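Asks: Sharing a structure here in structure tokens format.
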Amino acid sequence: MKHRLPVFLFVFLIPVAAFFLFFRFETKNASAANATHLVISEIQVAGASSSQDFIELYNPTSSEISLDGYRLVKRTSASATDSSIMVFASDEIIPAHGFYLWCNSSLTASFGCDRNTGASIANNNSIGLRNGPANTGTVVDAVTFGSVTNALGEGISLTAPVASTSVERKASPTSDSASMAVGGSDEFMGNGEDTDNNASDFVIRTMPQPQNSKSAVEPALTSTESPTGTITPTVTPIITETPTETPTETPAATPTIGITITPTPTLIPTITPSPKPTPILHNPFVIKLPNSILVCGFRYIKVPILWGMMRMPRFTCFFVRLK
127 MKHRLPVFLF VFLIPVAAFF LFFRFETKNA SAANATHLVI SEIQVAGASS SQDFIELYNP
187 TSSEISLDGY RLVKRTSASA TDSSIMVFAS DEIIPAHGFY LWCNSSLTAS FGCDRNTGAS
247 IANNNSIGLR NGPANTGTVV DAVTFGSVTN ALGEGISLTA PVASTSVERK ASPTSDSASM
307 AVGGSDEFMG NGEDTDNNAS DFVIRTMPQP QNSKSAVEPA LTSTESPTGT ITPTVTPIIT
367 ETPTETPTET PAATPTIGIT ITPTPTLIPT ITPSPKPTPI LHNPFVIKLP NSILVCGFRY
427 IKVPILWGMM RMPRFTCFFV RLK
């Protein structure tokens with residue numbers, strides 16, 4: 127004899143099963159080839175004139191990186207040796223998720239470049255970021271345009287962007303020119319995609335947007351990360367001295383002088399509080415506002431039920447002030 131469940135149990139179980147399937151399902155972006163080292167993130171090889179070139183670097187890691195020993199080099203189409211673009215100073219750093227901008231001398235004022243030299247880059251050039259001496263130092267990242275015999279680049283070479291446009295490294299595998307542009311979903315998500323294939327890792331930007339060391343970090347720091355730095359209290363000592371002189375003359379001409387010094391130091395430390403942690407959001411999107419951005423998305427919270435815990439989504443937004 128077969129046992130059959132009462133109809134009312136099916137009526138109860140089907141909605142419950144659907145409820146759990148819906149609220150426990152979390153969508154995830156395609157797995158990104160996230161770089162763990164400095165990368166070349168945006169390049170322009172010509173602006174209003176052929177020498178208006180820039181190279182932007184990006185730190186995709188959660189720690190600042192010292193630029194001591196690093197250099198930017200290039201090789202022309204048939205050259206087997208490096209030509210120097212610039213050598214970094216020993217005290218220069220790139221903060222976590224921060225940027226650095228080199229420019230040809232003609233672009234210093236307009237782009238707020240961190241450093242500028244008279245070097246230039248062009249089509250049929252390879253551009254490399256080396257750690258160590260020219261020609262022999264480790265190639266940390268490289269990009270090649272056009273046809274180069276002794277390429278420093280990775281994978282398939284890029285087609286050089288036309289004047290006043292640039293190429294930019296993607297934020298994720300699904301990034302494209304629209305999502306990386308102003309107002310796009312990946313505009314503030316950094317430039318960490320690195321599959322070691324130039325043709326796969328970069329997109330064209332019709333409106334270049336180079337960032338320098340003073341630009342806001344991308345993406346904004348999460349609650350598991352914190353900006354590097356030291357909190358230095360401001361101490362204001364207040365010392366009060368009250369000297370009192372009381373000379374007294376006697377017939378024997380014996381003066382008596384008393385001096386009382388009362389130091390009263392008061393230390394008033396002022397400590398700047400740590401920044402408020404930023405929540406981790408799933409499937410975030412960004413709305414750009416004047417002087418700030420609004421980041422919204424879902425985060426999951428645990429809610430007790432009769433026989434255990436379940437996770438439910440909560441829609442959350444927060445502001446990030448731009449410098």
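By the numbering used here, the letter at position 162 of the sequence shown is numbered 288, and the numbering carries on one by one without gaps.
Just so you know, even glycine gets a beta-carbon here, dropped at the ideal spot from N, CA and C.
Note that this is a predicted model, so its numbers are computed, not measured.
1) Looking only at its chain, what residues have a beta carbon closer than 6 Å to the beta carbon of residue 237, apart from the 5 residues adjacent to it on each side?
2) Check each candidate in 206, 248, 415 and name the one with the smallest Cα separation from residue 261.
3) With burial defined as no fewer than 16 other Cβ atoms inside 10 Å of the residue's Cβ, what is the status of residue 416: buried or exposed?
4) What residues in its chain sit with their C-beta under 7 Å from that of residue 187, if we drop five residues either side in the sequence?
5) Kindly indicate the opening and closing residues of the beta strand (DSSP E) around residue 268.
6) Where do the N-terminal and C-terminal ends of the beta strand (DSSP E) with residue 283 fall, by residue?
7) Going by DSSP in three states, residue 314 sits in which element: helix, strand or coil?
8) To the nearest angstrom, report how far apart residue 324 and residue 269 are at their CA atoms.
9) Which residues in the same chain have their Cβ closer than 7 Å to the Cβ of residue 199, if we skip the five residues on either side of it in sequence?
10) Could you tell me the alpha carbon to alpha carbon distance between residue 319 and residue 432, rounded to whole angstroms?
11) Would you report the Cα separation of residue 345 and residue 174, rounded to the nearest angstrom?
12) If we count Cβ pairs, one from each stretch, closer than 8 Å, do we get three or more for the segment 178 to 186 versus the segment 305 to 317?
13) For residue 203 versus residue 250, is the C-beta spacing smaller than 8 Å?
14) Of all the options 246, 301, 443, which has the alpha carbon lying nearest to the alpha carbon of residue 424?
15) Given a cut-off of 8 Å, decide if residue 165 and residue 295 are closer than it, judged by their beta-carbon atoms.
16) Grouping DSSP H, G and I as helix and E and B as strand, with all else coil, what is residue 185?
17) Residue 275: which of 302, 263, 252 sits nearest, CA to CA?
18) Closer than 7 Å by C-beta to residue 160: which residues in its own chain qualify, once you throw out the five before and the five after it? Chain order, please.
19) Over what stretch of residues does the alpha helix (DSSP H) that includes residue 305 continue unbroken?
20) If you count every other CB in all the chains shown that lies within 10 Å of the CB of residue 288, and 16 or more means buried, which is it?
21) Report buried or exposed for residue 217, applying the criterion of at least 16 other Cβ atoms within 10 angstroms of its Cβ.
22) What's the C-alpha gap between residue 293 and residue 306?
23) At which residue ranges does the segment 165 to 245 contain complete alpha helix (DSSP H) runs of 4 or more residues, listed in the order of the chain?
24) Taking the beta carbon of residue 271 as the centre, do at least 16 other beta carbons fall within 10 Å, making it buried, or is it exposed?
25) Restricting to Cα atoms, I'd like to know which of 215, 410, 447, 225 is closest to residue 190.
26) Tell me, which residues are paired with residue 319 by DSSP?
27) Are there 16 or more other CB atoms within 10 angstroms of the CB of residue 284, so buried, or fewer, so exposed?
28) Does the beta-carbon of residue 302 have 16 or more other beta-carbons within 10 angstroms, so that it is buried, or is it exposed?
29) Can you give me the C-alpha to C-alpha distance between residue 436 and residue 242, rounded to a whole angstrom?
Replies: Taking the structure as given:
1) If you number the sequence shown from 1, residue 237 lands on position 111. Same-chain partners within the cutoff: 229, 336.
2) By 1-based counting over the sequence shown, the position of residue 261 is 135. Cα-wise, what sits closest to residue 261 is 206.
3) As a working mapping, residue 416 is identified with position 290 in the sequence shown. Exposed: under 16 other Cβ atoms inside 10 Å.
4) Residue mapping note: residue 187 aligns to position 61 of the sequence shown, counting from 1. These residues qualify, in order along the chain: 162, 222.
5) Counting from one through the sequence shown, the residue named residue 268 turns up at place 142. That run of the beta strand (DSSP E) goes 264 to 270.
6) As a first step, residue 283 is located in the sequence shown; it is residue number 157 there, counting from the start. That residue, residue 283, is in no beta strand (DSSP E); it is neither H nor E in DSSP.
7) As a first step, residue 314 must be located in the sequence shown, where it is residue number 188. Three-state DSSP puts residue 314 in coil, outside helix and strand.
8) Residue numbering aside, residue 324 sits at position 198 when the sequence shown is read from its first letter. Residue numbering aside, residue 269 sits at position 143 when the sequence shown is read from its first letter. Computed Cα separation, rounded: 6 Å.
9) If you number the sequence shown from 1, residue 199 lands on position 73. 208, 209, 210, 211, 254, 256, 260, listed in sequence order.
10) Counted from its first residue, the sequence shown places residue 319 at position 193. Counted from its first residue, the sequence shown places residue 432 at position 306. Their Cα atoms are separated by approximately 44 Å.
11) Your numbering for residue 345 matches position 219 in the sequence shown. Your numbering for residue 174 matches position 48 in the sequence shown. In a straight line, the C-alpha of residue 345 is about 31 Å away from that of residue 174.
12) yes
13) Sequence index remark: in the sequence shown, residue 203 carries index 77 (1-based). Sequence index remark: in the sequence shown, residue 250 carries index 124 (1-based). Yes. Within cutoff.
14) Here residue 424 corresponds to residue number 298 of the sequence shown, with the count starting at 1. Of the candidates 246, 301, 443, the one whose C-alpha sits nearest the C-alpha of residue 424 is 443.
15) For the purposes of this step, residue 295 is taken as residue 169 along the sequence shown, with counting starting at 1. For the purposes of this step, residue 165 is taken as residue 39 along the sequence shown, with counting starting at 1. The answer is yes: Cβ separation under 8 Å.
16) Position 59 of the sequence shown holds residue 185. Of the three classes helix, strand and coil, the one that applies to residue 185 here is coil, per DSSP.
17) For this step, residue 275 is matched to residue 149 along the sequence shown. Comparing Cα-Cα distances from residue 275 to each of 302, 263, 252, the minimum goes to 252.
18) Indexing the sequence shown from 1 puts residue 160 at position 34. Excluding sequence neighbours, residue 160 sits near 186, 318.
19) Position 179 of the sequence shown, counted from the start, is the residue given in the question as residue 305. That run of the alpha helix (DSSP H) goes 303 to 306.
20) If you number the sequence shown from 1, residue 288 lands on position 162. Residue 288 comes out exposed.
21) For the purposes of this step, residue 217 is taken as the residue at position 91 of the sequence shown. So residue 217 counts as exposed.
22) Here residue 293 corresponds to residue number 167 of the sequence shown, with the count starting at 1. Here residue 306 corresponds to residue number 180 of the sequence shown, with the count starting at 1. Whole-angstrom Cα-Cα distance: 11 Å.
23) 234 to 237
24) Within the sequence shown, residue 271 is the residue found at index 145, counting from 1. Looking at its Cβ environment, which holds 16 or more other Cβ atoms inside 10 Å, residue 271 is buried.
25) Along the sequence shown, one-based indexing puts residue 190 at 64. Checked all of 215, 410, 447, 225; the closest Cα to residue 190 is 225.
26) Here residue 319 refers to the residue found at position 193 when the sequence shown is read from its first residue. Per DSSP, 160.
27) Your numbering for residue 284 matches position 158 in the sequence shown. Result: buried.
28) One-based indexing of the sequence shown puts residue 302 at position 176. Classification for residue 302: exposed.
29) Numbered from its first residue, the sequence shown carries residue 436 at position 310. Numbered from its first residue, the sequence shown carries residue 242 at position 116. So the alpha carbons of these two residues sit roughly 55 Å apart.
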